[in-house]
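**Q** Structure below; questions to follow.
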Amino acid sequence: MISADIRPDLEPYYTQELDPKNLAPLWEVLPGIAKKSPESACKSFIWHYENLRETLLKSAELITAEEAERRVLILENPGMRGRFRITTALFAGLQLIMPGEVAPAHRHTQAALRFIVEGSGAYTAVNGERTNMEEGDFVITPAWTWHDHGNESNEPMVWMDGLDIPIIETLDATFAEKYNDKYQVPSRPEGDSLARFGSGMLPVDYYEKGTVSKVFNYPYARTREALETMRKAEEWDPCHGLKLRFVNPETGNSAMPTIGTNMQLLPKGFETSSYRSSDACVFSVVEGSGKSHLGNQVYEWSKRDTFVVPSWLPVKHVANEDAVLFSFSDKPVQLMVGVWREDRGNL
Ligand code: 1HN
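Pasting the structure below:
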């Protein structure tokens, strides 16, 4: 790198000529831009659910869901504190909604996923259709769709929110507005979208190839059954065990254009081969326990824990018992622009 430190003669040019004209010399910063491989501020980390459940429940004594609009504790990456993100490109948080509460309707250009961590019987409504949410369900709120949540059960409900906030911020395409009422009056029967678009069929003469899935709840019961049936074939991927991705049934692409989501089964005793990819991944433990080697650190995990794996850091999972992991990342964006990479070792 050429630097004014070793070329002090350049200094007057920089300060007197370039700087006042809002110009800067690329050659001073090029090595930091064209890097050999990702050098992320993102760090690996785990949030153990048992350590934060009480803290999350306490938020309900301090502020209502309505006051907060969304009562969410942001899972802030320790390498990027204050920047409300879990990876460089994605936001994650844990949202709590107590019995009888409503999170009022609004919409925004950031797309969201919900992954249900604890409880059952709360609903989310997306563009006039409600869906009841159960543990392990994967629910989406596409960009610019009206959405509100409510809990008509008698237990607290917690889910993980995953949003593409930093991506939309980078693009300066952030818009949001509030609905003219607290919640949407349902205009379609519950389960309608899943029946129409998520039953391995599509409405006759429907040939659209939308960028986002019309299915907005992928129930865990179905996901789990698929994994359980497939395991009988004993065809394990050395790096992933048995891993399925959630898709938009119109295209086979990811359910949401900016966030890819997966569910994987690791049978008791399974040890994955070392793997890395250019998409930083967030994992939520749905069932079982185990540990993951992330770089040279080892994280023990069990049900409801969340952990994050930065871009290009080698990962190795070990299942102590049958384990099911949900994960999400910005992989679809990387694939779309042609930059996604993986390293499966010598496999
Ligand atoms: C949001 O609208 C939700 O709708 C959750 O539940 C988290 C984080 C930032 C901005 C909007 C929700 C959010 C959010």
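For the sequence shown, this note's numbering gives the first residue as 12, with consecutive numbering after it.
Ideal Cβ positions, reconstructed from N, Cα and C, are used throughout, including at glycine.
Here the structure is a predicted model, which means the values were calculated and not measured.
#1: My output table needs one value for Thr120: the three-state DSSP class, helix, strand or coil.
#2: With burial defined as no fewer than 16 other Cβ atoms inside 10 Å of the residue's Cβ, what is the status of Asn62: buried or exposed?
#3: Per the contact definition of three or more C-beta pairs closer than 8 Å, is the region 59-78 in contact with the region 323-334?
#4: So, Leu336 versus Val297, is the Cβ gap smaller than 8 Å?
#5: Whole angstroms is fine: what's the gap from Phe95's alpha carbon to Leu238's?
#6: Drop a sphere of 10 angstroms on the beta-carbon of Gly209, count the other beta-carbons inside from all chains shown, and report buried for 16 or more, exposed for fewer.
#7: Measure from the alpha carbon of Leu68 to the alpha carbon of each residue in Lys54, Trp58, Ile57, Val83, then state which is nearest.
#8: Can you tell me whether Thr66 is buried or exposed, with buried defined as 16 or more other CB within 10 angstroms of its CB?
#9: What I want to know is whether the C-beta of Gln195 ends up closer than 7 Å to one or more non-hydrogen atoms of the ligand 1HN.
#10: Please report the distance separating the alpha-carbon of Leu124 from that of Gly173.
#11: Compute the Euclidean distance between the alpha carbons of Met171 and Met274, then round it to the nearest angstrom.
#12: Answer yes or no: the CB of Ile176 versus the heavy atoms of the ligand 1HN, is any distance below 7 Å?
#13: Just reading off the beta strand (DSSP E) that Met203 is part of, what are its end residues?
#14: Looking at the ligand 1HN, does it come within less than 7 Å of Asp172, judged from the CB to the closest heavy atom?
#15: Arg287: beta carbon under 7 Å from a heavy atom of the ligand 1HN?
#16: For Glu163, tell me which candidate among Gly111, Val320, Lys193, Tyr25 has the shortest Cα-Cα distance.
#17: In the DSSP output, what is Tyr231 paired with across the bridge?
#18: Closer than 6 Å by C-beta to Met168: which residues in its own chain qualify, once you throw out the five before and the five after it? Chain order, please.
#19: Here's the rule I'm using: 16 or more other beta-carbon atoms within 10 Å means buried, otherwise exposed. How should Pro89 be labelled?
#20: Gly161 bridges to which residues according to DSSP?
#21: Cβ of Phe102 versus every heavy atom of the ligand 1HN: is any distance shorter than 7 Å?
#22: Is Thr120 near the ligand 1HN, with its Cβ less than 7 Å from a heavy atom?
#23: Is the Cβ of Pro260 closer than 8 Å to any Cβ of chain E?
#24: What whole-angstrom Cβ distance do Pro153 and Val258 have, given they're in contact under 8 Å?
#25: Short check: CB of Ile127 to CB of Glu140, under 8 Å?
#26: Is Arg256 helix, strand or coil when you go by DSSP?
#27: Among residues of its own chain, excluding the 5 on either side of Glu201, which ones have a beta-carbon nearer than 6 Å to its beta-carbon?
#28: Using 8 Å as the cut-off, can you tell me whether the region 266-283 makes contact with the region 181-196, which would need three or more C-beta pairs spanning the two stretches below that distance?
**A** Walking through what the data contain:
#1: Taking the sequence shown and counting its residues from 1, the one referred to as residue 120 is at position 109. Coil at Thr120, not helix or strand.
#2: Within the sequence shown, the letter at position 51 stands for residue 62. Per the 10 Å Cβ criterion, exposed.
#3: Output reads no: the region 59-78 does not touch the region 323-334.
#4: The residue you call residue 336 lines up with position 325 of the sequence shown. The residue you call residue 297 lines up with position 286 of the sequence shown. Pairing Leu336 with Val297 gives a Cβ-Cβ distance under 8 Å.
#5: Taking the sequence shown and counting its residues from 1, the one referred to as residue 95 is at position 84. Taking the sequence shown and counting its residues from 1, the one referred to as residue 238 is at position 227. Here the C-alpha atom of Phe95 lies approximately 33 Å from the C-alpha atom of Leu238.
#6: Sequence index remark: in the sequence shown, residue 209 carries index 198 (1-based). Answer is buried; the Cβ neighbour count reaches 16.
#7: In the sequence shown, residue 68 corresponds to position 57, counting from 1. Of the candidates Lys54, Trp58, Ile57, Val83, the one whose C-alpha sits nearest the C-alpha of Leu68 is Val83.
#8: Against the sequence shown, residue 66 aligns to sequence position 55. So Thr66 counts as exposed.
#9: Here residue 195 refers to the residue found at position 184 when the sequence shown is read from its first residue. Flag unset: Cβ of Gln195 not near the ligand 1HN.
#10: Residue numbering aside, residue 124 sits at position 113 when the sequence shown is read from its first letter. Residue numbering aside, residue 173 sits at position 162 when the sequence shown is read from its first letter. The alpha-carbon atoms of Leu124 and Gly173 are separated by roughly 5 Å.
#11: Against the sequence shown, residue 171 aligns to sequence position 160. Against the sequence shown, residue 274 aligns to sequence position 263. Roughly 15 Å between the two C-alpha positions.
#12: Within the sequence shown, the letter at position 165 stands for residue 176. Answer for Ile176: yes, Cβ within range of the ligand 1HN.
#13: Along the sequence shown, read from residue 1 onward, the residue named residue 203 stands at position 192. The amino acid occupying residue 203 in the given sequence is Asp; Met does not appear at that position. Element bounds for Asp203: not the beta strand (DSSP E) but the alpha helix (DSSP H), 203-208.
#14: The residue you call residue 172 lines up with position 161 of the sequence shown. Within the chosen limit of 7 Å, the ligand 1HN reaches the beta carbon of Asp172 through at least one heavy atom.
#15: In the sequence shown, counting from the first residue as 1, residue 287 sits at position 276. Relative to the ligand 1HN, Arg287 has its C-beta separated by 7 Å or more from all heavy atoms.
#16: One-based indexing of the sequence shown puts residue 163 at position 152. Cα-wise, what sits closest to Glu163 is Gly111.
#17: Sequence index remark: in the sequence shown, residue 231 carries index 220 (1-based). Its beta-bridge partners do not exist; DSSP assigns none.
#18: As a position in the sequence shown, residue 168 is number 157, starting the count at 1. Counting only Cβ-Cβ distances below 6 Å, and skipping sequence neighbours, we find Ile108, Gly130, Ala133, Asn162.
#19: Residue 89 sits at position 78 when you count from the first residue of the sequence shown. With fewer than 16 other Cβ atoms within 10 Å, it is exposed.
#20: As a first step, residue 161 is located in the sequence shown; it is residue number 150 there, counting from the start. Gly161 pairs with Val113, Tyr134.
#21: Counting from 1 along the sequence shown, the entry for residue 102 is found at position 91. For the ligand 1HN, at least one heavy atom lies less than 7 Å from the Cβ of Phe102.
#22: The sequence position of residue 120 within the sequence shown is 109, counting from 1. Thr120 has its Cβ no nearer than 7 Å to any heavy atom of the ligand 1HN.
#23: Here there is only one protein chain, and chain E is not present.
#24: By 1-based counting over the sequence shown, the position of residue 153 is 142. By 1-based counting over the sequence shown, the position of residue 258 is 247. Not a contact, Cβ separation roughly 14 Å.
#25: Sequence index remark: in the sequence shown, residue 127 carries index 116 (1-based). Sequence index remark: in the sequence shown, residue 140 carries index 129 (1-based). Going by beta carbons, Ile127 and Glu140 fall outside the 8 Å limit.
#26: The sequence position of residue 256 within the sequence shown is 245, counting from 1. Correct three-state label for Arg256: strand.
#27: Translated into positions along the sequence shown, residue 201 becomes position 190. Same-chain partners within the cutoff: Arg141.
#28: Remark: fewer than three beta-carbon pairs, one from each stretch, lie closer than 8 Å, so the region 266-283 and the region 181-196 are not flagged as touching.
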